[in-house]
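**Student:** Quick note, the sequence shown lines up with residues 22 to 455 if you use my numbering.
No residue lacks a Cβ here, since even glycine has one placed at the ideal position from N, Cα and C.
Can you keep this structure in mind? I'll have questions shortly.
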Amino acid sequence: MSITPGQFDPCAGDELRTIQLKEQFSESKRRCRAGVSVTNEDFRRWAVSNNQWSLPVDVILVEVTVGGVNGPICHGAGYAHKTVSDYVRRVEYVDCDGCLQSVDDPYLIKAAASAFGLLGVVAHINFELDAMRYAVMKPLKVDIGLTIPPIRKDDIPIALRSGWFNIPDASKLLADAKIECVNRAANNYYFEWFWFNYQRKAWVNTWDSTSDPAKVVDYPDHAETFLQWIQGWIGGVITTAAFFRSLPGHWQAQLLATLGLAALPPTTGEDHTPSIKTALPNALHSRRGIQNMRVRDIEFQIPIPPLKDDEAKPDFSLVQRAWWDVIKLLRIMGGSDIIMAPQKGNLGTASIEVLTIPDAVADDEWQEFIQKVTNVWMSYGDASELNIRPHWAKEWDGLKFRGMDARKYVKTVAYPKQIAEFRTALEKIGKPHG
């Protein structure tokens, strides 16, 4: 666990919990072989301790295995980056005959890197690592109307309008905010926005990286890690308590939102502008213990179309629209070369999601709500124009996509060519083995 002290010994565990450095191809690229039982916390400690190599992308969660992270294909953050699976260079697995096999062909790995378990039991994954870099984190709490500004000022609900809304320079504030937002989305190494219900500010967690290790700190440090872990645990206890569940939903949301935003940096005042320089893996996993508070979650991968006057550049106006239609959690990332990835073929991708606590499900509110959310996000164009796909590991099964059963839609509309290509690739992988 993240609160357990000590370093990770990459050679001391069982065979499925080891890390071995492999070929180095340049000053900035090297491969490693990781057992699928290695946790993200194991990998983080190993990378930070060695201070040489790191995965360029990952999920925030550390109490999960690298095999589990790689499996759903979808994970990554930052417009310049693809999914975790795009950095897989070799997969070792036990096939249906109990024989150890491997795949490292440059094309076939696009199917094998994340094959939904259809290859067999995966034992080891070879990742391509980048030379260690250091994140310069500058988390902010920004007025919700100026975080990702709406296309029209009046799209900001009355309850969320701050004092600037009616000043003469409001239009200029919005225009400047859009320039800042687009710059962050297109150029920052990592990109994440989070809004807590009813709050007038959103959390902005976007940062760049540097190769300069000067003044690097351990973040979060041991004390902060313990505090974050306890915060998550307390959140889990509170949200499952009978008293809390008896409260009206509005009160539940207000309490959780207020405490949730307060717990995120900057914690010494919302106008404070801290600068935290830390090893890249620490920044990728900057929140610990989040698994302690259970949530329900639906997420879609929305393609970011190109600008009409410059097809090499993304048009982030669709991101503005999706955010203001249903504000919650948004990350920007690139496309993917993995055959079955939801980001496949995208210039860029808006990974957008909504979450809730289990009580909303118990109150029979969740399913109806996420269907409404799905209808909104799926309304931006037909599949030939905008192939919006769900995150494989989130709660999309049982929904309707554009009036069609979600499973049927995924098979016949969202992925028909990819499924055919995927099956052909798996056949090529398996044929030599009988």
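1. Whole angstroms are fine: how far does the CA of Y108 sit from the CA of G166?
2. Less than 8 Å between the CB atoms is what I'm expecting for A206 and I353, so what's the real figure, rounded?
3. What separation, rounded to the nearest whole angstrom, lies between the Cα atoms of F212 and A235?
4. Give the single residue among P411, S400, G34 and D418 whose Cα lies nearest to the Cα of V59.
5. How is the alpha helix (DSSP H) around P379 delimited, first residue to last?
6. Rounded C-beta distance between G310 and W254? I'm assuming under 8 Å.
7. Evaluate A383 with the Cβ neighbour count: other Cβ atoms within 10 Å of its Cβ, from every protein chain shown; 16 or more gives buried, anything less gives exposed.
8. So, with DSSP's three-state summary, where would you put H271?
9. With burial defined as no fewer than 16 other Cβ atoms inside 10 Å of the residue's Cβ, what is the status of Y210: buried or exposed?
10. Going by C-alpha to C-alpha distance, which of R154, L282, W250 and H271 sits closest to D233?
11. Any heavy atom of the ligand NAP closer than 6 Å to the beta-carbon of E320?
12. Flag this pair as touching only if the region 237-256 and the region 174-183 have three or more C-beta atom pairs under 8 Å; answer yes or no.
13. Look up F422 in the DSSP assignment and give the residues it is bridged to.
14. Which residue from P437, K199, L76 and T377 puts its Cα closest to that of D318?
15. Please state the DSSP three-state secondary structure of W387.
16. Could you give the distance in angstroms between the alpha-carbon of Y401 and the alpha-carbon of D346?
17. Between the Cα of V163 and the Cα atoms of R308, E84, L282 and I259, which residue gives the shortest distance?
18. Per DSSP, G253 forms a beta bridge with which residues?
19. Classify A136 as helix, strand or coil using the three-state DSSP reduction.
20. Ignore the nearest five residues each way along the sequence and tell me which others in N147's own chain have a CB closer than 6 Å to its CB.
21. Pick from N61, G419, L42 and G99: whose alpha carbon is nearest that of I325?
**Tutor:** This is what the structure gives:
1. Rounded to the nearest angstrom, the two C-alpha atoms are 36 Å apart.
2. At roughly 5 Å, the Cβ-Cβ gap stays under 8 Å, so A206 and I353 are in contact.
3. Annotation: F212 to A235 spans about 23 Å, alpha carbon to alpha carbon.
4. Residue G34 is the option with its Cα nearest to V59.
5. It spans P379 to A383 - the alpha helix (DSSP H) in which P379 sits, taken as one unbroken run.
6. The pair is a contact, with the Cβ atoms about 7 Å apart (cut-off 8 Å).
7. The residue in question, A383, is exposed, as its Cβ has fewer than 16 Cβ neighbours within 10 Å.
8. The DSSP-derived three-state label of H271 is helix.
9. Buried: at least 16 other Cβ atoms inside 10 Å.
10. When each option's Cα is compared against that of D233, the closest is R154.
11. The ligand NAP is not part of this structure, which contains no ligands at all.
12. Result no; under three Cβ-Cβ pairs closer than 8 Å.
13. Assignment of beta-bridge partners to F422 by DSSP yields M425.
14. D318 has its Cα closest to that of T377, out of P437, K199, L76 and T377.
15. In the structure shown, W387 adopts helical secondary structure according to DSSP, grouped into three states.
16. Note on geometry: alpha-carbon atoms of Y401 and D346 lie some 11 Å from one another.
17. Measuring from the Cα of V163, the nearest candidate turns out to be L282.
18. Answer by DSSP bridge pairing: none, since G253 is not bridged.
19. Coil at A136, not helix or strand.
20. For N147, where only same-chain residues beyond five positions count, the Cβ hits under 6 Å are R52, R54, R110 and R111.
21. The option with the nearest alpha carbon to I325 is G99.
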